[in-house]
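Worksheet: one structure, shown below.
In the numbering used here, the protein residues as written are 2 to 141.
So this is what it looks like as C-alpha cells:
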C-alpha cells in the first residue's frame, strides 16, 4: 500500500475520532450537547479547542509508542496502563457495544423521521450491515 500524506497523517486521527465518538457524531447529539448551546462563535471555539486537545492526546500516545518501541496494541496498553490493562479492555469492549447501539438507535430514528418506517427497521438494518462488515471485512 502506498504511504501517502492522507494515510500517514490524516487517517489515524479520523479512525481515532470515529472509534471514540462515532455514536455521538452519528446522532448529532454531541454537537447539540456540548457546542451549539454556546452560540455560533462559542460553538466553533469549543470545536477548535476539542480538536486541539484530541490532537495533542493522540500525538502524545504516538510519541509514547515510538519512544518505548511499542508497535502492537497489547504491548502499548500493558506499558501505559500497567496491571489494569485487562480492566481497560473489558470496559472498552462494553463502550464499543454501547457505541454500536447508539448508532443503530440513531439510524432507526432517522429512517422513522425520514421515511415513516418503524424504528426497528432502521436499527435492524444498520445492525445487519455492521454484522456483514465484521464477518466479511473490507478489502482495505
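Built from N, CA and C at the ideal position, the CB exists for glycine as well.
Burial check for residue 124: the Cβ neighbour count within 10 Å reaches 16 or more, so the residue is buried.
Rounded to whole angstroms, residue 31 and residue 21 show a C-alpha spacing of 12 Å. Nearest to residue 52 by alpha-carbon distance, out of 36, 67, 65, 64, is 36. Cβ-Cβ distances below 6 Å link residue 48 to 36 in the same chain, with the five nearest sequence neighbours on each side left out; the list follows chain order. Judged by DSSP secondary structure, residue 63 falls within the alpha helix (DSSP H) whose first and last residues are 40-68.
When only Cα atoms are considered, residue 116 and residue 107 end up about 14 Å apart. Residue state for residue 119 is assigned as coil, using DSSP reduced to three classes.
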